[in-house]
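So the sequence shown is numbered by our numbering: it starts at 72 and just counts up by one.
All C-beta atoms in this analysis are idealised placements derived from N, C-alpha and C, irrespective of residue type, glycine included.
So the structure is just underneath, and the comments pick up after that.
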Amino acid sequence: MIQRIARNPLLCFAWLGVVVFAVFLRFNDLSERPVHADEATGARILSQQLEGHGYSYNPRHFHGPLLAQMAYPFARLRGENDWQALNMLTLRSSTAIAGVLLVLTPLLWWRTLGHGSALAAAAFLATSPLLVFYSRVYIHETWLALFGMLAAAGVYSLVEKPSTRTALATGVAIGLMFATKITVAISILSWALAAAACLLLASPQKGIESIRRLLTTYWRTVLYLVIGALGSAAILYSNSLQNPTGILAALGSFFVYEPTSGHEKPFYDYFVQLVWPKASAGHWWTEGFVLIAALVAAWSLYRKDARYRTAICFLGLSTALHFLIYSAIAYKTLWLMLLPWAHLCLLAGCLVASAQLNKPLVRYALLILLLFGLAYQTKQSLAVTGARLENSSHHPYSYVPTSQDAKAIGKWLEALHAQQAFESLAVVGREYWPLPWYLKHLPLEIAYWPDATTDLSAYRALLVMPAQLSQVREQLQASHVELPRSLRANVPVFIFLHNERWDLWLQSDDE
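So this is what it looks like as structure tokens:
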């Protein structure tokens, strides 16, 4: 594969250009955007491992260990060995690298779909605003998309030809998905149904005889798949087999995991968010060109060229099943769409193969559609990664972005402490992330109180969440001044500063 590309200078430069542009979109000003609450909680989990506290999996609320395991060597190499030393550039670089590697996954399909289709799919992956934005965020989903695309290629290869080596490698990729998020179950179901449909359609026998033949042919392949998946997942969940109970907890997570409330949306929400054009923040947002290209390519290739029929059947069905299952679940967030959208980008790349089968006029029209779609995607990707929208509530992909005030709060408290030292700070409430990230450099004790039932009057400075505001006001309205600030989009935080400290701060400003 690599030798074939290397022998074609034009193809080589085209791939190089796609990869370089993917790197630019994912790494440019990577550390500038305010830290999201999910990034901060993920960083805290990693810091506990860096500090030698080990890994303890919580099957009710947290995802798998892979995100932290992938960031761990980056942090060690940069000498970031504890919570205070961690840098968001280090953490985001790990997922940005996963995003760049995701762009290379169409290379696994070049024999099946052709060089042009693989390159076009890579270009769609490289410029998709959805994939670009979340590659720049320290969360699990980019790794899930990467291992998912590796696994999808492996499953299709097994549909074409059963192989022990391929089954084990594909199983390892699925196991790494499991060690990332339990939504791997959706992908397994989608691929299994798509593969079964392709095999049954291609089988010369029909009915029960066809099923019996497939079971006889594939039972060993499925066994090696399971061995590879469980083996790789077990190593990560058990902390390299040091904590075997982690394996049981991981299996139990399918039954006890509790998603965060407040993300319930209607069945059609993903279509509206990703495909339906909408105006916001001075732009028209849509990735509908990918869907149009995928539908045109699938329809044309399935009808006109038997060489592509099995691949189009597998990709089309698995993509559709991913979207249908995710849409049927009430809990919806855009980052769950990374893997399904990567499938769709791969299918959209087949527009090149479709164009080659058509008359010149149609061929040129399809290629113009391809280029226009890529150009418009690029324009949107540059916008979603720019400073103008980095903390805006109008950002089409960011869920509850962190306010610039969150950065300012930490810096202001540092300046206040330098001027008039105080021993401790209280954070009152529960939904306070990412505040701990911005407070971690303060050289004082920080107490976290879930409610205001205790006496808080001894604290000279407090940060209070809205749910606890009335309780704190009752205690401190005579002794502290209240300063409202913004923490996340539509989520305020209230600073309570002792009157004496506030007066001293005002005097220093006057001077």
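Contact set for residue i: own chain, Cβ-Cβ below 8 Å, skip 5 residues either direction
{"i": "Leu513", "result": "Gly481, Leu484, Glu485, His488 and Leu496"}
{"i": "Leu392", "result": "Leu260, Ser261, Leu264 and Ala265"}
{"i": "Ser137", "result": "The residue you asked about is not Ser; residue 137 is Leu in the sequence shown. Excluding sequence neighbours, Leu137 sits near His211, Trp214, Leu247, Ala250, Thr251 and Leu307."}
{"i": "Leu575", "result": "Gln490 and Gln491"}
{"i": "Thr161", "result": "Ala142, Phe145, Ala146, Arg149 and Glu151"}
{"i": "Ser69", "result": "Any question about residue 69 goes unanswered here, given that the chain covers just 72 to 582."}
{"i": "Val89", "result": "Val174, Leu190, Ala193, Ala194 and Ala197"}
Cut-off 6 Å between Cβ atoms - residues of its own chain near residue i, not counting five sequence neighbours on either side
{"i": "Leu239", "result": "Tyr295 and Gly299"}
{"i": "Leu345", "result": "Glu358"}
{"i": "Ala222", "result": "Thr241, Ala244 and Ile245"}
{"i": "Ala419", "result": "Phe195, Val361, Ala364 and Ala365"}
{"i": "Ala368", "result": "Cys421, Leu422 and Ser425"}
{"i": "Ala93", "result": "Val171, Val174 and Ala197"}
{"i": "Leu96", "result": "Val203 and Ser452"}
{"i": "Trp154", "result": "Ser118 and Lys511"}
{"i": "Arg501", "result": "Pro521"}
{"i": "Glu461", "result": "Arg104"}
{"i": "Ala382", "result": "Thr183"}
Three-way DSSP call (helix, strand, coil) for residue i in this model
{"i": "Pro315", "result": "coil"}
{"i": "Leu101", "result": "coil"}
{"i": "Lys511", "result": "coil"}
{"i": "Tyr402", "result": "strand"}
{"i": "Arg531", "result": "coil"}
{"i": "Pro177", "result": "helix"}
{"i": "Lys349", "result": "strand"}
{"i": "Pro563", "result": "strand"}
{"i": "Pro144", "result": "helix"}
{"i": "Pro587", "result": "Since the displayed the chain opens at 72 and closes at 582, residue 587 lies outside it and no answer follows."}
{"i": "His393", "result": "helix"}
{"i": "Pro555", "result": "strand"}
{"i": "Ile282", "result": "helix"}
{"i": "Trp154", "result": "coil"}
{"i": "Tyr295", "result": "helix"}
{"i": "Ile517", "result": "strand"}
Supposed close pair residue i, residue j - CB separation, criterion 8 Å
{"i": "Tyr468", "j": "Pro200", "result": "7 Å"}
{"i": "Ala167", "j": "Pro177", "result": "Rounded, the Cβ-Cβ distance is 19 Å, inconsistent with contact."}
{"i": "Leu558", "j": "Ser474", "result": "6 Å"}
{"i": "Arg163", "j": "Tyr209", "result": "5 Å"}
{"i": "Gln539", "j": "Val499", "result": "5 Å"}
{"i": "Leu441", "j": "Lys375", "result": "About 18 Å separates the two Cβ atoms, so there is no contact after all."}
Buried or exposed (CB count within 10 angstroms, at least 16 for buried), residue i
{"i": "Lys277", "result": "exposed"}
{"i": "Glu645", "result": "Within the shown structure, residues of the chain are numbered from 72 to 582, placing residue 645 beyond reach of any answer."}
{"i": "Arg378", "result": "exposed"}
{"i": "Gln491", "result": "exposed"}
{"i": "Tyr339", "result": "exposed"}
{"i": "Phe443", "result": "exposed"}
{"i": "Leu312", "result": "exposed"}
{"i": "Gln578", "result": "exposed"}
{"i": "Ala446", "result": "exposed"}
{"i": "Glu151", "result": "buried"}
{"i": "Gly323", "result": "exposed"}
{"i": "Ile439", "result": "exposed"}
{"i": "Pro555", "result": "exposed"}
{"i": "Val564", "result": "buried"}
Neighbourhood of residue i by C-beta distance below 7 Å, restricted to the same chain and skipping five residues each side
{"i": "Ala111", "result": "Trp504, Pro505, Pro507 and Trp508"}
{"i": "Gly187", "result": "Val423 and Ala424"}
{"i": "Thr288", "result": "Pro233"}
{"i": "Leu271", "result": "Ser281"}
Which complete alpha helix (DSSP H) runs does the segment 184 to 221 hold, if anything under 4 residues is left out?
List check, alpha helix (DSSP H) in window: 186 to 198 and 200 to 206.
Hey, which unbroken runs of the alpha helix (DSSP H) at 4 residues or more fall wholly within the segment 433 to 509?
You should have 475 to 490.
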